[in-house]
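> Sharing a structure with you now.
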Amino acid sequence: MKFWTRSILAASLVAAPLVSFSTAAEAGIGDLLVAPTRIVLDGRKGAEVILNNIGDEPATYRVSIEFRRMTEAGDLVDVTTPTGADKQAEDMIVYAPRKVTLAPHEPQSIRIVARAPQGLPDGEYRVHMLFRAIPPATPVVQAADDKPKGVQFKLTPVYGVTIPVIVRLGNLDASAGITNVHLEKKDGAPAIGLDLVRQGTRSVYGEVRVLKAGVKDPIALQKGVAVYTEVGKRHVSLLIPESARTAATGPVTVEYVETFDDGTHLLAQTQAVLR
């Protein structure tokens, strides 16, 4: 799965002078690094997320829970009306601290545990944990002879990193397939498009590789690709590096591979011809 980031505009209303674990990968935006980028819990053992302020100034971050839905296009969209399963997932996730202030280059762990209530049905439950920067209060400077003219806004960018927190209860399984492999454009650049198909009671997650006979490295690769339980199929578009574009024709092998600290597991594989 790819990590999600967003920029929020915080408006300060001014009418007069006022003062306003899965992998070891890291997600980052601004001066914040978060690792790992995905947490999977089984209802027994907890986990930790490490926040690291890599900037040169102190920074404060608020931790909160949000909900996302995956579309068949592979996008994660905000959920305005949480389902019963969403609320059950939120209720069982316990985490602390919920607000941290970090000195420059200081790390901080966020402890996370899932406490499933008795009688909760087996299944996969998911929330998304948001780590959002809180901008420091700064005065709105106004010259003495500068009279306020109506309502004014000061816009401050507020950055956040979101990671999925998944709870799996019971004996769950899943399988995956690859279909519809073809050449396409992504943001105007050559890419290989395909659909990942999922069946079963849990999500799947891994990296997609496009291999060409006689070429050592994949001609296209995308890591952190998830197919969540709300969709049975999602589209993936892999940019083709400029160095591999001459090889991106003819027969290829496409793999969807789960990666672990101690190895890999092949989720799906198919042969295709790129034209």
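So for the sequence shown, the numbering used here puts the first residue at 2; every next one is plus one. Every residue, glycine too, gets a C-beta built ideally from N, C-alpha and C. Given the structure is predicted, the values throughout are model-derived calculations rather than measurements.
1. What does the alpha-carbon distance come out to for the pair residue 231 and residue 105?
2. Might you give, ordered along the chain, the residues of its own chain that have their beta carbon closer than 8 Å to the beta carbon of residue 23, omitting 5 neighbours on each side?
3. According to DSSP, is residue 246 helix, strand or coil?
4. Measuring only the C-alpha atoms, how far is residue 271 from residue 255?
5. Whole angstroms are fine: how far does the CA of residue 59 sit from the CA of residue 240?
6. Answer with buried or exposed for residue 129, where buried requires no fewer than 16 other C-beta atoms within 10 angstroms of its C-beta.
7. Would you mind sorting residue 54 into buried or exposed? The rule is 16 or more other CB atoms within 10 Å of its CB.
8. For residue 197, which of 189, 190 and 210 has the nearest alpha-carbon?
9. Output the boundary residues of the beta strand (DSSP E) element that contains residue 224.
10. Do residue 127 and residue 167 come within 8 Å of each other at the CB atom, strictly closer than that value?
11. Go ahead and label residue 267 buried or exposed: buried means 16 or more other beta carbons lie within 10 angstroms of its beta carbon, across all protein chains shown.
12. Which of the three DSSP states, helix, strand or coil, is assigned to residue 85?
13. Which one or two residues does DSSP pair with residue 185 in a beta bridge?
14. Skipping 5 residues on each side, what residues in its chain have a beta carbon closer than 7 Å to that of residue 132?
Per the coordinate set shown:
1. Here residue 231 corresponds to residue number 230 of the sequence shown, with the count starting at 1. Here residue 105 corresponds to residue number 104 of the sequence shown, with the count starting at 1. In a straight line, the C-alpha of residue 231 is about 40 Å away from that of residue 105.
2. Numbered from its first residue, the sequence shown carries residue 23 at position 22. At residue 23, the pLDDT of 38 sits below 50, so the modelled position is not reliable; the number obtained from the coordinates is stated separately. Hits under 8 Å: 37, 38, 39, 40, 41 and 206.
3. For the purposes of this step, residue 246 is taken as residue 245 along the sequence shown, with counting starting at 1. In this structure, residue 246 counts as helix in the three-state DSSP scheme.
4. One-based indexing of the sequence shown puts residue 271 at position 270. One-based indexing of the sequence shown puts residue 255 at position 254. Whole-angstrom Cα-Cα distance: 5 Å.
5. Reading the sequence shown from its first residue, position 239 is the one you call residue 240. Reading the sequence shown from its first residue, position 58 is the one you call residue 59. The alpha-carbon atoms of residue 240 and residue 59 are separated by roughly 37 Å.
6. By one-based count along the sequence shown, residue 129 stands at place 128. Buried, because 16 or more other Cβ atoms sit within 10 Å of the Cβ of residue 129.
7. Counted from its first residue, the sequence shown places residue 54 at position 53. Classification for residue 54: buried.
8. Within the sequence shown, residue 197 is the residue found at index 196, counting from 1. For residue 197, the nearest C-alpha among the options comes from 210.
9. Locating residue 224 in the sequence shown gives position 223, counting from the first residue. Residue 224 -> beta strand (DSSP E) spans 221-228.
10. Taking the first residue of the sequence shown as position 1, residue 167 is located at position 166. Taking the first residue of the sequence shown as position 1, residue 127 is located at position 126. Taking 8 Å as the Cβ cut-off, residue 167 and residue 127 qualify as a contacting pair.
11. Along the sequence shown, read from residue 1 onward, the residue named residue 267 stands at position 266. Residue 267 should be labelled exposed.
12. One-based indexing of the sequence shown puts residue 85 at position 84. Correct three-state label for residue 85: helix.
13. Your numbering for residue 185 matches position 184 in the sequence shown. For residue 185, which the question treats as bridged, DSSP gives the partners 192.
14. The count along the sequence shown starts at 1 and reaches residue 132 at position 131. Contacts found: 33, 35, 52, 62, 64, 161 and 162.
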